[in-house]
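K.L.:
I'd like to ask some things about the structure below.
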Amino acid sequence: MPDGDEVNQNKDVMGDLKQRLADSPLLVKGFNRQGLCILWNHECERRFGWHWDELQAHPDPLALLYPDAAVRRAVRRTFSADSRFREWAPLTRKGTPLPSLWVNITLPNGELLCIGHDISKQKKAETKLQLAARVFECSLEGIMITDADNRIIRTNPAVSHITGYDSDELLGRTPAMLASGRHDADFYDAMWHSLNTRDHWRGEIWNRRKNGELYPEWLTISALRGKDGKLSHYVAVFSDISQLKVDTATLEHLAQYDPLTGIPNRRLLADRLLQAMARARRLNSQLAVCYLDLDGFKQVNDELGHPAGDRLLIEISHRLKATLREYDTLARLGGDEFVLLFAELPDHDDLTPILTRVLEVVSAPVTLDDAQAWVSASIGVTFYPHDDVSADVLLQHADKAMYQAKQDGKNCYRFYDHRQQAEQQDRYRQLQSLEQALQQGEFLLFYQPKVDLLNGRVSGLEALIRWQHPEQGLLLPADFLYQFTGNRLEWALGQWVILSVLQQIDRWQQQGLHLTVSLNIGANHLLQPDFALQLDAALRRYPRIPPACLELEFQELAAIHHLEQVIQVLEHCHRLGVQIALDNFGSGFSALSFLRSYRWTNSRLTTASSATCSPTTTI
Numbered sequence: 000m001p002d003g004d005e006v007n008q009n010k011d012v013m014g015d016l017k018q019r020l021a022d023s024p025l026l027v028k029g030f031n032r033q034g035l036c037i038l039w040n041h042e043c044e045r046r047f048g049w050h051w052d053e054l055q056a057h058p059d060p061l062a063l064l065y066p067d068a069a070v071r072r073a074v075r076r077t078f079s080a081d082s083r084f085r086e087w088a089p090l091t092r093k094g095t096p097l098p099s100l101w102v103n104i105t106l107p108n109g110e111l112l113c114i115g116h117d118i119s120k121q122k123k124a125e126t127k128l129q130l131a132a133r134v135f136e137c138s139l140e141g142i143m144i145t146d147a148d149n150r151i152i153r154t155n156p157a158v159s160h161i162t163g164y165d166s167d168e169l170l171g172r173t174p175a176m177l178a179s180g181r182h183d184a185d186f187y188d189a190m191w192h193s194l195n196t197r198d199h200w201r202g203e204i205w206n207r208r209k210n211g212e213l214y215p216e217w218l219t220i221s222a223l224r225g226k227d228g229k230l231s232h233y234v235a236v237f238s239d240i241s242q243l244k245v246d247t248a249t250l251e252h253l254a255q256y257d258p259l260t261g262i263p264n265r266r267l268l269a270d271r272l273l274q275a276m277a278r279a280r281r282l283n284s285q286l287a288v289c290y291l292d293l294d295g296f297k298q299v300n301d302e303l304g305h306p307a308g309d310r311l312l313i314e315i316s317h318r319l320k321a322t323l324r325e326y327d328t329l330a331r332l333g334g335d336e337f338v339l340l341f342a343e344l345p346d347h348d349d350l351t352p353i354l355t356r357v358l359e360v361v362s363a364p365v366t367l368d369d370a371q372a373w374v375s376a377s378i379g380v381t382f383y384p385h386d387d388v389s390a391d392v393l394l395q396h397a398d399k400a401m402y403q404a405k406q407d408g409k410n411c412y413r414f415y416d417h418r419q420q421a422e423q424q425d426r427y428r429q430l431q432s433l434e435q436a437l438q439q440g441e442f443l444l445f446y447q448p449k450v451d452l453l454n455g456r457v458s459g460l461e462a463l464i465r466w467q468h469p470e471q472g473l474l475l476p477a478d479f480l481y482q483f484t485g486n487r488l489e490w491a492l493g494q495w496v497i498l499s500v501l502q503q504i505d506r507w508q509q510q511g512l513h514l515t516v517s518l519n520i521g522a523n524h525l526l527q528p529d530f531a532l533q534l535d536a537a538l539r540r541y542p543r544i545p546p547a548c549l550e551l552e553f554q555e556l557a558a559i560h561h562l563e564q565v566i567q568v569l570e571h572c573h574r575l576g577v578q579i580a581l582d583n584f585g586s587g588f589s590a591l592s593f594l595r596s597y598r599w600t601n602s603r604l605t606t607a608s609s610a611t612c613s614p615t616t617t618i
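Note that numbering that gives the first Met the number 0 has the sequence shown beginning at 0, numbered continuously upward.
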């Protein structure tokens, strides 16, 4: 998922683009996914008479420009079509049609830019050429007149400006002298068929200037006939749309490529991934989707600044591109996340040396001015069609495998395993269920008397936890406590037990009952750095309770594996006045020697340990 810096960066790019287009001499309007107007530049205000705030507030701004519902539907259909130029005549505020040439560009965020060129002069020249000599001379569109044999008999100054030929060089020759060679015979056959049957043709065509440069133009040809219906002339009106093509290409690049690194973005990756999947199905081959996240990139940003982080991303993208084959794809999704798409892999093992090389080039130091930065890569990999899912789900699976690489120590790659992911999802659901149970008070404490076998008296109570499950009923500790082990909820449950026991002891104290209550402490809870401090704070909340009324039990195994840390915690608890008991003593090695090393309140021995103690053994 993109981070905050990436979102701001994209917003800045789009904002800068919209600001430039706002001052463009072209007609520029923009719509969001809901069809509301988000851009209406100054040229649109000048040409149409509608102000920006009026368009912005209108629930269907296209209705102002195209009152005819059928025309409006036709315009909307072009929003999702290809990027060809199309001619429309939206109405001005005064109700006057404004003939114009439009192209639609879809931005990465789903917004639509419509860029138009006013061709009203060209249209007037098409219909009133004989009566508009001044328009003929002053028009910015090229106007060329030929006789019935298609020989050029007159051109206006714009023709010379566009083609580079003087009028004298064109007269007597055919327009074929401008042909670019990019169109085949079928293209020209269709043009002449339209002229012969409909007396006009309109479309985009590529021609060649005098200096040999190819250029695109929007061309309209009309056949003129006399009163007798006999063909007399052809009139061609055209405009150079080179700059419009450049602007369109720029917008297309912005829509498909990452502005920082110049590599494909998420939109272009999605297109290439779909193509690669189709090719893999057709050729019975396979491809790999690798989700790469940089380890340590945030530290570079924090310590060296975001400009340095940007330079690092550029350098890493250059290194990654150098590891790819010609038909592979590298894309940046945002922040420090990249995707590598490897197509036409003969075997899974063929990817191993490539991934090893990727890890090497990423982990090499990057020089940033006077400093050096080190990052590494965590990579998640999935294969298609082995992982036979959609393109979006392939990326999700590779992302999950990447997080597994993070958990396994970073600077490595991991392959997506649907069975492992299913187990992780089960653990996640269990964790959610436990957290909900804690929040909703589903855990209960029962108090079991501890009887002195020598005199039969109750020496204290032991707190036993149960789960009043809303569906499964009352559950014993063996049914759920193991799920807490090693996760963040183990501490939360332990704290809840301590506070609940202290609250119950306090109520008994008020009733004149002075009882000692023991409770079991999990190993991870006991080994928390602030365990003793948290226990001290809990005791201070109940000042009537003598600390000795609380006895903490823990398993011997926790003490054996973390002996020094356990001793420190126990010494602190001892100073607080809390009793300490060792539960299940003798289940580990060196049991008796450890038992002798500390002053325990109580110890509960296993059968094996009690059997090894002689009557003279001192504990």
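C-beta: ideal position from N, C-alpha, C; glycine also.
(1) From residue 19 to residue 110, what distance separates their C-alpha atoms?
(2) Can you grab the Cα-Cα spacing for the pair residue 536 / residue 530, in whole Å?
(3) Using the C-alpha atoms, what's the distance from residue 308 back to residue 636?
(4) What number of angstroms, rounded off, separates the C-alpha of residue 353 from the C-alpha of residue 287?
(5) Just curious, the alpha helix (DSSP H) that residue 406 is in, first and last residue?
(6) Rounded to whole angstroms, how far is the Cβ of residue 640 from the Cβ of residue 523, which I believe are closer than 8 Å?
(7) Short of 6 Å in beta carbon distance, which residues of its chain neighbour residue 48, apart from the five on each side in sequence? Order them along the chain.
(8) Taking the straight line between their C-alpha atoms, what separation do you get for residue 168 and residue 366?
(9) On a Cα-Cα basis, can you pick out the residue from 389, 239, 293 that is closest to residue 275?
(10) Please report the straight-line C-alpha distance between residue 268 and residue 340, rounded to a whole angstrom.
(11) Work out the CA separation of residue 289 and residue 392 for me, nearest whole Å.
(12) By DSSP's criteria, residue 287 is part of a beta bridge. Which residues make up the other side?
(13) Checking 9 Å against the spacing of the C-beta atoms, do residue 517 and residue 449 come in under that value?
(14) I think residue 235 touches residue 156, with their Cβ atoms under 8 Å apart; what is that distance to the nearest whole Å?
(15) Taking DSSP's pairing of strands, which residues face residue 292 in a bridge?
(16) Thinking just about the alpha-carbon of each residue, which of 55, 33, 333, 32 is nearest to the one in residue 40?
(17) With a CB to CB cut of under 8 Å and the five nearest residues on each side skipped, what residues in its chain are close to residue 151?
(18) Unbroken alpha helix (DSSP H) runs of length 4 or more, entirely within the region 436-524: which are they?
(19) In the structure shown, what three-state DSSP assignment does residue 70 receive?
(20) Figure out for me which residue from 480, 153, 101 has the closest Cα to the Cα of residue 114.
(21) Assuming residue 466 and residue 436 are in contact, meaning their beta carbons sit under 8 Å apart, how far apart are those beta carbons, in whole angstroms?
(22) Candidates 77, 336, 322: which alpha carbon is nearest residue 359's?
(23) Taking just the CA atoms, how far does residue 549 sit from residue 580?
(24) Where does the unbroken beta strand (DSSP E) through residue 231 begin, and where does it stop?
(25) Here's the rule: buried if 16 or more other CB atoms are within 10 angstroms of the residue's CB, otherwise exposed. What is residue 470?
(26) Helix, strand or coil for residue 3, going by three-state DSSP, please let me know.
(27) For residue 619, does the count of other Cβ atoms within 10 angstroms reach 16, so buried, or fall short, so exposed?
(28) Within the present structure, is the beta-carbon of residue 376 separated from the nearest heavy atom of the ligand GTP by less than 8 Å?
(29) Classify residue 457: buried if its beta carbon has 16 or more other beta carbons within 10 angstroms, exposed otherwise.
P.N.:
Concretely, from the data shown:
(1) 16 Å
(2) Separation of residue 536 and residue 530 (C-alpha to C-alpha, rounded to the nearest whole angstrom) is 10 Å.
(3) With the chain represented from 0 up to 618, any question about residue 636 goes unanswered, as that position is not in the structure.
(4) 11 Å
(5) 390-406
(6) With the chain represented from 0 up to 618, any question about residue 640 goes unanswered, as that position is not in the structure.
(7) 91, 92
(8) 60 Å
(9) 389
(10) 8 Å
(11) 13 Å
(12) 341, 382
(13) Contact flag set, yes.
(14) Not quite, the Cβ-Cβ distance comes to about 15 Å (not below 8 Å), so this is no contact.
(15) 336, 377
(16) Among 55, 33, 333, 32, the Cα nearest to that of residue 40 belongs to 55.
(17) 143, 144, 145, 169, 170, 171, 172, 173, 174
(18) Complete alpha helix (DSSP H) runs here, min 4: 488-509.
(19) Residue 70: helix per DSSP, three-state reduction.
(20) 101
(21) Their Cβ separation, rounded to whole angstroms, is 6 Å, which keeps residue 466 and residue 436 in contact under 8 Å.
(22) Closest by alpha carbon: 322.
(23) CA-CA distance, residue 580 to residue 549, rounds to 11 Å.
(24) 230-239
(25) Looking at its Cβ environment, which holds fewer than 16 other Cβ atoms inside 10 Å, residue 470 is exposed.
(26) In this prediction, residue 3 scores a pLDDT of 49, lower than 50, which makes its location untrustworthy; the coordinate-derived value is nonetheless stated afterwards. Correct three-state label for residue 3: helix.
(27) The structure shown has nothing for residue 619, since the chain only spans 0 to 618.
(28) Looking at this structure, you won't find the ligand GTP or any other ligand, since it has none at all.
(29) exposed
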